[in-house]
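Number of protein chains: 2
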Amino acid sequence: MSEIANIWPAPGTPLTQLLTPLPVIDEARMAANIARAQAHMDSLGRAFRPHIKTHKLPQVARAQVEAGAVGINCQKVTEAEVFAEAGFDDILITYNILGTARLARLKALNTKVGHLSVTADSSEVVAGLAATFGAEEPLTVLVECDTGGKRCGVQTPEAAAALAGEIAAAEGLRFGGLMTYPAPGGAAAVEGFVTGAKALLYAAGLDCPVVTVGGTPDFYAAGDIPSATEHRAGTYVYNDRAMVRAGHASLDDCAMHILVTVVSRPTPDRAVIDAGSKALTSDLLGFEDHGLVVEYPGARITGLSEEHGVVDLSGIAGDGPKVGDVLRIVPNHTCVVTNLFDRMVFHDGAAVTRVLEVAARGTVW
Amino acid sequence: MSEIANIWPAPGTPLTQLLTPLPVIDEARMAANIARAQAHMDSLGRAFRPHIKTHKLPQVARAQVEAGAVGINCQKVTEAEVFAEAGFDDILITYNILGTARLARLKALNTKVGHLSVTADSSEVVAGLAATFGAEEPLTVLVECDTGGKRCGVQTPEAAAALAGEIAAAEGLRFGGLMTYPAPGGAAAVEGFVTGAKALLYAAGLDCPVVTVGGTPDFYAAGDIPSATEHRAGTYVYNDRAMVRAGHASLDDCAMHILVTVVSRPTPDRAVIDAGSKALTSDLLGFEDHGLVVEYPGARITGLSEEHGVVDLSGIAGDGPKVGDVLRIVPNHTCVVTNLFDRMVFHDGAAVTRVLEVAARGTVW
């Protein structure tokens, strides 16, 4: 693969000379996204913990921490290992960690990382953690609460308090607080759940140092959850078409574009681009088409095969793009595009600034 | 990443000890799929050219060629480079190759590979190829025809014959024949198009040595296109849920499973697995859910976030899986799962047999 790796562009390469399909990141837009989000959380007096799932790049996480983030959020032990190796010392893994092999790795990680915490939503998960960690190097565990997102999480404040008690009773665990990923517009539900759980925790003599909530779509409504002490978000760093729809960002805040080439114009109404599901992914996120074509907003990417995207041009004025034209696509969902490419190319609007290995891509456990 | 790479399992590791989420390939099922497909094409007297997009593994392509395949089919120049480096000498790239940098790489590849061919569906593409190749090392070019698939391809037999003439007139190009990717059930349309185009080609004094068609869903109906000389197919090697629905394979012919762990049972009707869109992909291929749970066929994977899959258990009898249980998922679409993982784990039903680097993953141009 060494020969192929060499075709990644060098810094200074004009954008017009890049091979496609290729996701590229606008440095200035990303920096503005980081600064704007941090300023908002600072104005609320709330801790901000970016989720690295969107970029999987230690260099970008470093910029987020330097802007004021308290630490980072990972979803996997292996992701956290990559960031620990890069020197990050405050990592929350918002996941139920299960199984002997993974727990052993988590224990080694806890020795390396100063402030490591995980979440749990069942007695089974707490039991595994309790059997792994000891009093000499305890692990901080938060209780995950389902406040309407209908994914993981205990279902009631009573269940949250009971599980917190199990954590607190384990010699090698410390109860760290409550974690939830709210449903869209779910601030009131979060606030109700958390208020109820905290009352039960206090009654049981347990402190609740952290209430961590999250999400980019409701980022600017974070003040509607006054009980939260911390916000987690990932997508805001690049933004994407779904975040524009959610009102979180404008098209000009979208830092990631997929550069694509028109490889066929078989009919007046049809163009075919060299990006399919292996470049754009099939994530629809409620959209009916597969990304926004910046140069032709009326065009619709109606179908993806693995290496082709079929574009319906019937909604545009004029002749549309020619074979060989390079277009920019704002993806429906930026985080899954990151997961497809070994390196990420950054630019200043005219030329490549840096090419970074996506260090935490391919970390699957 | 070296530390993390070390957690890929060694040959002999029992399947029960594998970390999840993880795609695994059943060696015996894959071997049977390769043998059965080749036997069918042999019985038709038709050349068979497997598409490597499904596995991206030179070792598997070698098994396909040893079974009798005439060569391989790639979709990208960089994929073909990986397979050329592995010694493959008959490669068809079914893609419009455009742009100075990519054409230069294609020219280098043509020097290395004994039998390299590409496709074209426009004068623009042929002009780029013609400007790149010379008489000393000519390139074989097939005309891509749209026979109802509505992706790339010339629209009429007349256009096919005209483009073939442009290819034949270029000093550095050789007209190699016709290529199409038929629509499902599109045999009659292919036959009509090809018959018409061949008549025009012969009238113009052009031979048409190859008519290459493709697809796994209609694989066993390949005899309905008597004018075809060659069949291309990728998915048949692993098979997936979409191929079972198409009638191409049974569930027992599906060689790829995604091993997943139940990480949460928040409600009686809901399980959450540790595989989301970054393991299963969001490819629906017409399904309404995200894969088949082998152990609980009545369960439905109704939602994917990046690292979680939400499973609706309301359709099953009994209590369903427990936290920590490992399940097997037959993915909707196997080819896109391959594209997510750096290595592929093979097994004999009980233990790991080999772990192969997915050599052509991450080749994007």
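In the order they appear, the protein sequences are chains Y and P.
Counting from 1, one number per residue, gives the positions in the first sequence under full-length UniProt numbering.
Counting from 1, one number per residue, gives the positions in the second sequence under full-length UniProt numbering.
A virtual CB, placed ideally from N, CA and C, is assigned to each residue, including glycine.
* To do: Taking 9 Å as the cut-off, decide whether the C-beta atoms of residue 264 of chain Y and residue 122 of chain P are in contact.
  => yes
* Quick one: what's got a C-beta closer than 8 Å to residue 222 of chain Y's C-beta in the same chain, skipping five residues either side? -> 40, 41, 44, 46, 213, 228, 231
* So which residues on chain Y does residue 308 of chain P lean against when the C-beta distance must stay under 8 Å? -> 151, 152
* Asked: How would you list, in chain order, the residues of chain Y whose beta-carbon sits under 8 Å from the beta-carbon of residue 336 of chain P?
  -> 277, 278, 282, 306
* Asked: Can you tell me the Cα-Cα spacing of residue 206 of chain P and residue 224 of chain P, whole angstroms?
  -> 25 Å
* Asked: In chain order, what residues of the same chain lie with their CB nearer than 8 Å to the CB of residue 188 of chain Y, ignoring the 5 residues before and after it?
  -> 224
* Asked: Does residue 287 of chain Y have its Cβ less than 9 Å from a Cβ in chain P?
  -> Residue 287 of chain Y does not count as touching chain P.
* Asked: In whole angstroms, what is the alpha-carbon distance linking residue 340 of chain P and residue 279 of chain Y?
  -> 11 Å
* **Neighbour-count burial assignment, residue 238 of chain Y, 16 or more Cβ in a 10 Å radius** => buried
* Asked: List, in order along the chain, the chain Y residues whose C-beta lies closer than 8 Å to that of residue 129 of chain P?
  -> Within 8 Å Cβ-Cβ: nothing; residue 129 of chain P doesn't reach chain Y, min ~13 Å.
* residue 344 of chain P and residue 7 of chain P closer than 9 Å at C-beta -> In this structure, residue 7 of chain P does not lie closer than 9 Å to residue 344 of chain P by Cβ.
* Asked: Can you tell me where the beta strand (DSSP E) with residue 109 of chain P in it begins and where it stops?
  -> Residue 109 of chain P -> not in any beta strand (DSSP E); alpha helix (DSSP H) instead, spanning 100-112.
* To do: For the beta strand (DSSP E) holding residue 50 of chain P, just list the boundary residues, first then last.
  => 47-50
* Reducing DSSP to helix, strand and coil, say where residue 288 of chain P ends up. => In the structure shown, residue 288 of chain P sits in coil (DSSP, three-state: anything other than H, G, I, E or B).
* Asked: Among Y/57, Y/106, Y/99, Y/204, which one has its Cα closest to the Cα of residue 20 of chain P?
  -> Y/99
* Are residue 151 of chain Y and residue 305 of chain P touching if we call contact CB-CB under 9 Å? -> yes
* Answer with buried or exposed for residue 56 of chain Y, where buried requires no fewer than 16 other C-beta atoms within 10 angstroms of its C-beta. => buried
* To do: Within 10 angstroms of the Cβ of residue 269 of chain P, are there 16 or more other Cβ atoms? Answer buried if so, exposed if not.
  => Exposed: under 16 other Cβ atoms inside 10 Å.
* Cut-off 7 Å between Cβ atoms - residues of its own chain near residue 387 of chain P, not counting five sequence neighbours on either side -> Nothing about residue 387 of chain P can be reported from this structure: the residues present for chain P run from 1 to 365 only.
* Asked: To which residues of the same chain is residue 346 of chain Y closer than 6 Å at the C-beta, ignoring the five residues directly before and after it?
  -> 25, 27, 353, 354
* According to the Cβ coordinates, are residue 335 of chain Y and residue 53 of chain Y closer than 9 Å? -> yes
* **Beta-carbon spacing of residue 15 of chain Y, residue 349 of chain Y below 9 Å** => yes
* **Burial state of residue 252 of chain P (16 or more Cβ within 10 Å)** => exposed
* To do: Give a yes or no on whether 9 Å exceeds the smallest Cβ distance from residue 99 of chain P to chain Y.
  => yes
* Asked: Given 8 Å as the limit, is there contact between the segment 96-110 of chain P and the segment 72-87 of chain P, that is, 3 or more CB pairs closer than that?
  -> Yes: the two stretches touch, three or more of their Cβ pairs being nearer than 8 Å.
* Asked: What are the complete beta strand (DSSP E) segments, minimum 3 residues, inside the segment 35-90 of chain Y?
  -> 47-50, 72-74
* Between the C-alpha atoms of residue 67 of chain Y and residue 300 of chain Y, what's the straight-line distance to the nearest angstrom? -> 37 Å
* Roughly how many angstroms lie between the CA atoms of residue 23 of chain P and residue 115 of chain Y, to the nearest whole one? -> Near 32 Å, if we compare the C-alpha coordinates of residue 115 of chain Y and residue 23 of chain P.
* Compare the C-beta of residue 366 of chain P against all C-beta atoms of chain Y and say whether one is closer than 9 Å. => This structure does not reach residue 366 of chain P, given that chain P is present from 1 up to 365, and the question cannot be answered.
* Nearest neighbour of residue 283 of chain Y, chosen from Y/101, Y/338, Y/89 [CA to CA] -> Y/338
* **Delimiting residues of the alpha helix (DSSP H) encompassing residue 123 of chain P** => 123-132
* **C-alpha distance - residue 295 of chain P paired with residue 102 of chain P, whole-angstrom precision** => 46 Å
* To do: Just mark residue 250 of chain Y as buried or exposed, buried being the case when its beta carbon has 16 or more other beta carbons within 10 Å.
  => exposed
* Asked: Just reading off the beta strand (DSSP E) that residue 357 of chain Y is part of, what are its end residues?
  -> Counting along the chain, the beta strand (DSSP E) containing residue 357 of chain Y begins and ends at 352-357.
* Per-residue burial, residue 322 of chain P [other beta carbons within 10 Å of its own, 16 or more giving buried] -> exposed
* **Beta bridge counterpart(s) of residue 184 of chain P as assigned by DSSP** => In the DSSP output, where bridge partners are listed per residue, residue 184 of chain P has none listed.
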